[in-house]
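These notes are about the structure you will find just below.
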Amino acid sequence: MNFPQEEITAAKQLLEAALLSSPEPVPVAQLRRMFDPELDAETVRRLLEVLQEDWQDRSVELVQVAGGWRFQTRPEVQEKIARMMPEKPPRYSRAIMETLAIIAYRQPVTRGDIEDIRGVGVSTPLLRTLETRGWIEVVGYREVPGRPALYGTTAMLLDDLNLRSLQELPPLEPLGEGVGFPEAS
Amino acid sequence: MNFPQEEITAAKQLLEAALLSSPEPVPVAQLRRMFDPELDAETVRRLLEVLQEDWQDRSVELVQVAGGWRFQTRPEVQEKIARMMPEKPPRYSRAIMETLAIIAYRQPVTRGDIEDIRGVGVSTPLLRTLETRGWIEVVGYREVPGRPALYGTTAMLLDDLNLRSLQELPPLEPLGEGVGFPEAS
Amino acid sequence: MNDAADLLEIPLAEPIARVNGEPFVGMPQDLYIPPEALEVFLDSFEGPLDLLLYLIRKNSLDILDIPMAELTRQYMEYVEVMRHRRLELAAEYLVMAAVLIEIKSRMLLPRPVMTPADEEADPRAELMRRLLEYEQIKQAAQRLEELPRNGREFAVLQVWMDETVGQRLPQVSTQDLLEAWKQVLARARINQHHRVTREQLSVREHMTRILRRLREKNFVEFHELFETGVTIPVAVVNFIAILELVKESLIQVSQTEACAPLYLSLVEPVAELTS
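Pasting the structure below:
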């Protein structure tokens, strides 16, 4: 970057303020528009990386997720911050997490597909919990009798799990491994 | 403060993280609870003042307002930040939109009526969002036990939707009859 | 206790299991669940596949070589205990029991000599496939659960910004409203009986308007609600709105004597435990 130091500082501060005021991750394309004249994507990205370094020894970090860049608290301090919060984050049942896992790894899937894998019925409120959370959505319909809805995961799920893409999900264990002898794995 | 430097730094960073994650002002009494052992109010206040100085040349500032302390973007950068927002206007959640639709088409309705129609609970903040927006208001109370409030839409909603009366809302069609709404609009 | 323990013993004659390559010696005895704990025990399973996986694990059985007869026997004993305890039996468990029995019976029948590659013929194959797939998903769910999550391990930062400059309020169009309503309908499967027509809507609008007026003024004379110059359809709709409000016990109509003016007022609050 061939900018004078004070311009770099000003740009970094503006990026910082913008990211700190947005409740959602901000894509680079959007950040560029704040500058007059508009900065190119590469410059913005480099400034963000410098900013990321500036913050690296703090209780807060700048990260890149599916929806763009955002600031978030580090896990070590979140525990302490949670101490002063009256509300506890919701806990999700195993049924919900298994359903989410099936949708995440096998998408797009119908409710019937989920039931086949889990061996039990999947209730409407269960799916609605995940939909209301913004983690899954109907992405289409399977063209079979009844036209069942096909579910897929959303960008918000990735954002909420700190991931940039579905490929960053923990890989599935190969079939049959770690099964039968859980102690051994 | 007679603390070792690294303790002061850690405490400041924790306060910083807590305040940066809350758009609402946080009272000192609440901030104290994060520390173990709890810090006294005076120490927290002094730490906040040091933090305030640390941030004084940034685009975000730490201020003390009626409800406590909060970080806020400086007025000078707000306009630039606003410049990047327009392309993606925020959206109301599905829950809010459905609640508004139910109130618009079924008014006057109680929260219970809305919950019956939606099949899920309707939270107080959700209704407050619509009230604060000036789109719904309490128009009366149903004289049944508990006297639940009856909600109706306001003239401001009509103004914002560019309608002269509720009758100009798109007519509802029976389910399954196409998607568009032919007569209106 | 002995009876129950016997009922749920783990009768494995041959040492099939090997842990870390070593022949399995001591059989875990923790399969026995006291009946009073069974309810809790069952609650901790997500379904029949989960219970089967538990049985297999607790016996350290190789999932790829399940001794079907024993497993079926054990599973059926569980189902029997559940029945005994008059617990509500999930249909899925019974279906799984039927599957196990079918596999067991097919394995007990004399079979024609089978080539080892003839996997289709092994009645255990489908069950194994499902168990393996379910186990895989269970582990994936566990890992998802352990991932750092927004609101739990970390929180997204957001500082305050003056709303008038920065944050734009969401805009809504009439189309958005219609779409939202359609979603409500689609989900609630409200049929045409509940359809709100244009006419009903205008009745609703008048209802709100009347309520609002009555809130400002305690009593309103009936005719005041009919502004001069309104068209007949509007007057009719307004009248229907009044009737609706009366029907829904939201307002009351009173008259001091015959032919005296009619007054409308909000229904008096029901006597509550006030003062």
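Chains B, U and C are the protein sequences, given in the same order. Here the first sequence is numbered in numbering that gives the first Met the number 0, starting from 0 and rising by one per residue. Here the second sequence is numbered in numbering that gives the first Met the number 0, starting from 0 and rising by one per residue. Here the third sequence is numbered in numbering that gives the first Met the number 0, starting from 0 and rising by one per residue. By construction, the Cβ of each residue, glycine as well, lies at the ideal position given by its N, Cα and C atoms.
Where the region 24-37 of chain B meets chain U: residues whose CB sits under 7 Å from a CB there: Residues of the region 24-37 of chain B that bring their beta carbon within less than 7 Å of a beta carbon in chain U comprise Q29, L30, R32, M33, in sequence order.
C-beta neighbour in chain B for M83 (chain U), strict 8 Å: For M83 (chain U), the nearest beta carbon of chain B is closer than 8 Å to its own beta carbon.
Proximal residues of chain C, C-beta to C-beta of F70 (chain B) below 8 Å: Against chain C, a Cβ distance below 8 Å from F70 (chain B) picks out V155, L156.
Closest Cα partner of P232 (chain C) within the set C:M106, C:S201, C:L143, C:F218: Comparing Cα-Cα distances from P232 (chain C) to each of C:M106, C:S201, C:L143, C:F218, the minimum goes to C:S201.
When B:E130, B:D115, B:A16 are compared against E125 (chain C), the one with the closest alpha-carbon: Comparing Cα positions, the closest option is B:D115.
Beta-carbon contacts of I7 (chain B) that lie in its chain and below 6 Å, excluding the five residues immediately before and after: None.
Pairwise C-alpha distance: P147 (chain B) and D275 (chain C): With chain C running from 0 to 274 in the structure shown, residue 275 (chain C) is simply not present.
Closer than 8 Å to chain B by CB, Q12 (chain U): Closer than 8 Å to some Cβ of chain B, the Cβ of Q12 (chain U) qualifies, so yes.
Per-residue contacts from V59 (chain B) into chain C (C-beta, under 8 Å): What V59 (chain B) touches in chain C, judged by beta-carbon distance under 8 Å, is L156, going in chain order.
Any chain C beta carbon closer than 8 Å to V138 (chain U): Yes, its Cβ sits closer than 8 Å to a Cβ of chain C.
Distance CB(I101 (chain U))-CB(G151 (chain U)) smaller than 8 Å: Not a contact, by the Cβ cut-off of 8 Å.
Beta carbon of I135 (chain U) nearer than 8 Å to that of S20 (chain B): Cβ distance not < 8 Å, so I135 (chain U) and S20 (chain B) don't count as in contact.
F2 (chain U) burial status per 10 Å Cβ neighbour count (16 or more: buried): With fewer than 16 neighbouring CB atoms inside 10 Å of its own CB, F2 (chain U) falls in the exposed class.
7 Å Cβ shell around D53 (chain B) - same chain, five flanking residues per side excluded: No residues qualify anywhere along the chain.
Between the CA atoms of L149 (chain B) and R141 (chain B) - distance to the nearest angstrom: Spanning the two alpha carbons is a distance of roughly 6 Å.
Residue-chain proximity (S253 (chain C), chain U), Cβ-Cβ < 8 Å: Not closer than 8 Å to any Cβ of chain U, the Cβ of S253 (chain C) fails to qualify, so no.
Closest residue to G120 (chain U) among U:Q106, U:G133, U:I95 (Cα-Cα distance): Minimum Cα distance to G120 (chain U) is reached at U:I95.
Own chain, CB closer than 8 Å to Q12 (chain U), minus 5 neighbours either side, in chain order: When the five nearest sequence neighbours on each side are left out, no beta carbon in the same chain lies closer than 8 Å to the beta carbon of Q12 (chain U).
Burial state of M95 (chain C), where buried means 16 or more other Cβ atoms lie within 10 Å: Buried.
Chain B contact residues for V119 (chain U), given Cβ-Cβ distances below 9 Å: Within chain B, the residues near V119 (chain U) are P124, R127, T131.
Contact with chain U by L156 (chain B), beta-carbon distance below 8 Å: Look at L156 (chain B): its C-beta is not under 8 Å from any C-beta on chain U.
Close beta carbons around A28 (chain U), own chain, < 8 Å, minus the five adjacent residues each side: Cβ within range, chain order: A40.
Residue(s) in a DSSP beta bridge with W159 (chain C): Its beta-bridge partners are U:Q71.
Contact list for E152 (chain C) against chain B, beta-carbon separation under 7 Å: Those are P74, Q77, listed as they occur along chain B.
Neighbouring residues, chain C, relative to P88 (chain B) (Cβ below 8 Å): Simply R148, G150, R151.
Cut-off 6 Å between Cβ atoms - residues of its own chain near Q141 (chain C), not counting five sequence neighbours on either side: Around Q141 (chain C): no qualifying Cβ.
Classification of E75 (chain B) by the beta-carbon crowding that lies within 10 angstroms, buried from 16 upward: So E75 (chain B) counts as exposed.
Selected residue, minimal CA-CA separation from E23 (chain B), among C:L156, C:L242, C:L63: Checked all of C:L156, C:L242, C:L63; the closest Cα to E23 (chain B) is C:L156.
Buried or exposed by the 16-neighbour rule on C-beta atoms within 10 Å, applied to Q77 (chain U): Counting Cβ neighbours within 10 Å, Q77 (chain U) comes out buried, since at least 16 surround it.
Identity of the residue in B:M83, B:R45, B:Q51 nearest R32 (chain U) by Cα: Closest by alpha carbon: B:M83.
For A4 (chain C), three-class secondary structure by DSSP: The pLDDT assigned to A4 (chain C) is 34, lower than 50, so where the model puts this residue is not dependable; a value taken from the coordinates is nonetheless given after this. Helix at A4 (chain C).
Backbone CA spacing between N149 (chain C) and S172 (chain C) [nearest angstrom]: Looking at the two C-alpha atoms, the distance is approximately 31 Å.
Chain B residues whose Cβ lies nearer than 8 Å to that of P232 (chain C): Within chain B, no C-beta atom comes nearer than 8 Å to that of P232 (chain C); the closest sits roughly 41 Å away.
DSSP state of Q185 (chain U) mapped onto helix, strand, coil: Any answer about residue 185 (chain U) is impossible in this case: the structure gives chain U only from 0 up to 184.
Integer-rounded CB distance, given that T98 (chain B) should sit under 8 Å from L61 (chain B): At roughly 33 Å, the Cβ-Cβ gap does not stay under 8 Å, so L61 (chain B) and T98 (chain B) are not in contact.
Residue from U:F34, U:S58, U:A16, U:N161 with nearest C-alpha to R73 (chain U): Nearest neighbour of R73 (chain U) by Cα position, chosen from U:F34, U:S58, U:A16, U:N161, turns out to be U:S58.
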